[in-house]
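The opening residue of the sequence shown carries number 289 in the working numbering; numbering runs sequentially from there.
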Amino acid sequence: MRAINSLDLERLAHCIAEDGIESVEDAVGSVVWRARVAGVCGSAVDVLGDSSQPPVARQRAFGLIAGRLA
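Laid out in structure tokens, this is it:
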């Protein structure tokens, strides 16, 4: 897998905003994996990776994680 960069995260954020987080589950899974590999821990990673959580909570978690990965 190639490294994730801030442009990738920005593009994903736009997709989430336009089509909903459910539309990009594979990419979200990659972000969760990369966050864990990078040592980002905490409930935000768990919330983002849990498709049963409310979409708004997952979107907020994505924002937090993207900020740490960028």
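Quick reminder that beta carbons are idealized off the backbone N, C-alpha and C, glycines included.
Taking only heavy atoms of the ligand HEM into account, decide whether any of them is closer than 6 Å to the Cβ of residue i.
i	result
A301	The ligand content of the structure shown is nil, which means the ligand HEM is not present either.
Please say whether residue j and residue i have beta carbons closer to each other than 7 Å?
i	j	result
R346	I292	no
V328	R356	yes
A354	L295	no
Just to confirm my understanding: we take residue i, look at its own chain, exclude 5 residues before and 5 after, and list those with CB closer than 6 Å. What are they?
i	result
L352	A332
Original post:
So, do the stretch 331 to 341 and the stretch 290 to 304 have three or more beta carbon pairs nearer to each other than 8 Å?
Top reply: no
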